[in-house]
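The block underneath contains the structure these notes are about, expressed in structure tokens.
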Ligand SMILES: Cc1cc2nc3c(=O)[nH]c(=O)nc-3n(C[C@H](O)[C@H](O)[C@H](O)COP(=O)(O)O)c2cc1C
């Protein structure tokens, strides 16, 4: 079944050259909201390495939707700069998706005046370090404005040459704050049952699909589970998946866990505390908060395909294309995903280690990934030179300068 992974995949109006997807992984390759040359090199290298579609990670749909100060957000000025990146990927033979979302009350790296928008009102633990300590429940007007923001963002993505948008509904960002009962305690039509909690995220996807769906593919990344007893379950995820399917999603990318409450579930393994403290600083407020969170996490030993049981449940319940994600480490893993009816595989850490993995597995399917799950790359989200694998040449040789489109070579 490995051969199937090298066959084209139709997603709405676009066709991927194969079924390997680089999962969104915060590059930190932007300055003052503009992509850097490192961003272009990174995604072009993945496309040249045989990835069918790479994903640029999280472009905020509006400025207050960012979580980090230099993060990309979609507006007129950034479009030509993004176009340089998408052109480089296309020249290398690949496709590129933009992961779009809004942080809601998950804003860790900047102070946002006023109360942050979310599904609920009250204390906001995720905003503690930057003083974003209060959040407020969105009302109908807020939601209508947010739908517009996502639609406008998707139109910017079309203008910038992206082939797809991936609406991020997992990991604790705004739309996940509606899906997850860990946040959502509403008593109106947007809270309570799984159907109600999915109502607003589904409405956003439907609006985006209606506006740009004839030009680019519209995907959603969802949690198969939050990995916490108070969180959304796989049964909830099945409901969400069915509703997104009915709303016209072209594919779902299946992930799990929440940045603050269950990072170990998201990565199927524990954080690398030493790497975090090396990059962030042991005695910084963030360093101490990360240490406290890491120490309270259960011990989790990595296993390949760690979301398998959850994702297989969803595969049984919907007909829509699905990308399997989570611990894909060998060509055998890829073949297993294809045999079970997944349409694509999405990988993050293994492709940070070896951007040419799809080519390597075509030539040498018996060779496993060289990624050793050290999870150092997760710490490098916060490194000024950008996210990289520590087993590869150091980031410093990467050119993390601004990408002035006029100067692009
Ligand atoms: C360095 C790093 C940064 C990440 N940043 C994001 C992100 O910005 N958005 C997102 O949806 N997932 C992010 N993830 C999670 C991955 O998309 C993926 O869900 C997770 O790494 C599991 O896949 P893997 O086993 O192939 O690494 C990140 C992962 C890594 C390693």
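In the working numbering, the protein residues as written are -5 to 403.
We put the CB at the ideal spot given by N, CA and C, even for glycine.
Taking 9 Å as the cut-off, the Cβ atoms of residue 215 and residue 244 do not count as close. When the beta-carbon positions are compared, residue 344 and residue 323 come within less than 9 Å of each other. Under the three-state reduction of DSSP, residue 55 is assigned to coil, being neither helix nor strand. Look at residue 253 here: in three-state DSSP terms it is coil, with no helix or strand label. For residue 17, the closest C-alpha among the options 174, 313, 86, 158 is that of 158. Every beta strand (DSSP E) of 3 residues or more that sits fully in the segment 200 to 279 is shown, in chain order, as 211 to 217, 245 to 249. In the three-state reduction of the DSSP assignment, residue 308 falls in the helix class.
Judged by DSSP in its simplified three-state form, residue 62 adopts coil rather than helix or strand. Fully enclosed alpha helix (DSSP H) runs of no fewer than 4 residues occupy 302 to 311, 325 to 333, 343 to 347, 351 to 357 of the segment 299 to 367, in order along the chain. In the three-state reduction of the DSSP assignment, residue 179 falls in the coil class, being assigned neither a helical nor a strand state. Taking C-beta atoms as the reference points, residue 164 and residue 60 fail to come closer than 9 Å. At a cut-off of 8 Å, the beta-carbon of residue 374 counts as near ligand 1: some heavy atom of the ligand is closer than that.
Residue 36 has its alpha-carbon roughly 32 Å from the corresponding atom of residue 239. Taking the Cα positions, residue 123 is about 29 Å away from residue 227. With contacts defined by Cβ atoms closer than 9 Å, residue 15 and residue 233 do not form a contacting pair. Rounded to whole angstroms, residue -4 and residue 39 show a C-alpha spacing of 23 Å.
Rounded to whole angstroms, the Cβ separation of residue 74 and residue 104 is 25 Å, and the two are not in contact under 8 Å. For residue 159, the enclosing beta strand (DSSP E) stretches over residues 158 to 162. Counting only residues of its own chain and dropping the five nearest sequence neighbours on each side, residue 6 has a CB closer than 7 Å to the CB of 207, 211, 212, 244.
Of the candidates 126, 130, 94, 370, 370 places its Cα closest to the Cα of residue 271. The DSSP-derived three-state label of residue 109 is coil. Judged by DSSP in its simplified three-state form, residue 165 adopts strand. Residue 312 and residue 318 have their C-alpha atoms some 14 Å from each other.
With 7 Å as the limit, the residues whose C-beta approaches a heavy atom of ligand 1 more closely than that are 17, 18, 19, 20, 51, 52, 93, 162, 164, 165, 215, 249, 260, 261, 262, 319, 320, 321, 322, 340, 341, 342, 343, 344, 346, 371, 372, 374, 375, 381, in chain order.
Cβ neighbours of residue 169 within its own chain (closer than 6 Å, five residues either side excluded): 163, 195.
Counting every other CB atom within 10 Å of its CB across the protein chains shown gives residue 277 a total below 16, marking it as exposed. With a contact defined as Cβ atoms closer than 8 Å, residue 167 and residue 96 qualify at about 7 Å. Taking C-beta separations shorter than 7 Å and ignoring five residues to either side along the sequence, the partners of residue 236 in its chain run 311, 312, following chain order. Look at residue 48 here: in three-state DSSP terms it is strand.
Residue burial is scored here from C-beta neighbours: residue 230 has at least 16 other C-beta atoms within 10 angstroms and is therefore classed as buried. In this model, residue 357 and residue 147 are separated by some 39 Å (Cα to Cα). Relative to the Cα of residue 223, the nearest Cα in the group 176, 198, 70 belongs to 176. The three-state reading of DSSP puts residue 387 in coil, since its state is none of H, G, I, E or B. With contacts defined as CB atoms closer than 9 Å, residue 106 and residue 55 fail to qualify as a contacting pair. Taking residue 44 as reference, the option from 10, 254, 32 with the minimal CA-CA separation is 10.
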